[in-house]
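Going from the sequence shown to my numbering is simple: count from 1 and add 7.
Below: the structure, in structure tokens.
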Amino acid sequence: MIIHSLFKDLIKFILVLVIGFIKIDWMEYITAITGSIIALSGIIAVFISIYTFRQNQKFIKKQQFESTFFNMMKQLEDIVSKLRIDDSVGRGAFEYLYNKKREGYSRSWISSADGGLR
Numbered sequence: 008m009i010i011h012s013l014f015k016d017l018i019k020f021i022l023v024l025v026i027g028f029i030k031i032d033w034m035e036y037i038t039a040i041t042g043s044i045i046a047l048s049g050i051i052a053v054f055i056s057i058y059t060f061r062q063n064q065k066f067i068k069k070q071q072f073e074s075t076f077f078n079m080m081k082q083l084e085d086i087v088s089k090l091r092i093d094d095s096v097g098r099g100a101f102e103y104l105y106n107k108k109r110e111g112y113s114r115s116w117i118s119s120a121d122g123g124l125r
């Protein structure tokens, strides 16, 4: 008797579902689909935001590296421009040292009275 009652209730439940699906209002169906599409687009937007954030982080790291590199190059240029050896200034001081080395220049300028480097 209990099995018969459960089976009868199960058949009623299935019929209600089938008849309910057949009688569904199209506006409810469209609303359900629209809601699903909106939820899906929200999830996609989250993933796109995460991707954009990661790309932005890579760009910022590259920009920081370039900024540091060019600041160091500017400092090197300042140091070289202030370099003085005898009458040679800046890059000319390197040419002077190179030419003196080729001529067999001794390092007496290092031990000169005024320190050699100015």
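The beta-carbon is built from N, C-alpha and C at its ideal position, and this holds for glycine as well.
_Bridge partners - V96, DSSP secondary structure assignment_ = Note: V96 sits in a beta bridge opposite R91.
_Quick check: the Cα distance between S88 and T75, rounded to an integer number of angstroms?_
Spanning the alpha carbons of S88 and T75 requires a straight line of approximately 20 Å.
_Given a cut-off of 8 Å on the beta-carbon distance, is the pair R109 and A100 in contact?_
In this structure, A100 does not lie closer than 8 Å to R109 by Cβ.
*Helix, strand or coil for E102 per DSSP?*
In this structure, E102 counts as helix in the three-state DSSP scheme.
_Best match in F54, Y103 and I51 for proximity to D93 [C-alpha to C-alpha]_ = The shortest C-alpha separation from D93 is found at Y103.
_Inter-residue Cα distance where the pair is Q70 and N78_ = CA-CA distance, Q70 to N78, rounds to 12 Å.
*Is DSSP giving E84 helix, strand or coil here?*
In the structure shown, E84 sits in a helix (DSSP, three-state: H, G or I).
_Beta-carbon proximity list for S95, same chain, < 6 Å, skipping 5 on both sides_ = Cβ within range, chain order: Y103.
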